[in-house]
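Chemist: Residue numbers for the sequence shown follow numbering that gives the first Met the number 0, beginning at 0 and rising by one.
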Amino acid sequence: MPESFVRWVIRNEWVTRVADLVERRLMLVFARSLRRSTVQSLAELMAMEGAIDRSAIEEEVEHAVGRLRRYYGRAPA
């Protein structure tokens, strides 16, 4: 997925949590190849765009990965 598209979504779709970006905005919950490193990169992009604070990146990643595990039975490696 192009970074420019992800940035557009972050800027224009009122994304406030990494889990929301992964689950609803980009629908990555259905991507079999979803990796923790991808979730981390998305969190970093959100911080760069000012949607989350840089200090919240790790917490947001843990929250998103936890939701994937709990609600979708997915545990990104």
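Here a beta-carbon is modelled for each residue, glycine too, at the ideal position from N, C-alpha and C.
On a predicted model such as this, the values are computed, not experimentally measured, just so you know.
1. Using the beta-carbon count (16 or more within 10 Å), is Met47 buried or exposed?
2. Give the secondary structure of Asp52 by DSSP, where H, G and I count as helix, E and B as strand, and everything else as coil.
3. Can you grab the Cα-Cα spacing for the pair Arg73 / Leu20, in whole Å?
4. Between which two residues does the alpha helix (DSSP H) containing Arg35 stretch?
5. Inspect the beta-carbon positions of Leu75 and Arg35 and report whether they are closer than 8 Å.
Modeler: From the atom records:
1. Here residue 47 refers to the residue found at position 48 when the sequence shown is read from its first residue. It counts as exposed.
2. Counting from 1 along the sequence shown, the entry for residue 52 is found at position 53. In this structure, Asp52 counts as coil in the three-state DSSP scheme.
3. The residue labelled residue 73 in the question sits at position 74 within the sequence shown. The residue labelled residue 20 in the question sits at position 21 within the sequence shown. Computed Cα separation, rounded: 16 Å.
4. Position 36 of the sequence shown, counted from the first residue, corresponds to residue 35. 35-47 is the span of the alpha helix (DSSP H), which, as asked, contains Arg35.
5. Counting from 1 along the sequence shown, the entry for residue 75 is found at position 76. Counting from 1 along the sequence shown, the entry for residue 35 is found at position 36. Note that residue 75 is Pro in the sequence shown here, rather than Leu. A contact, by the Cβ cut-off of 8 Å.
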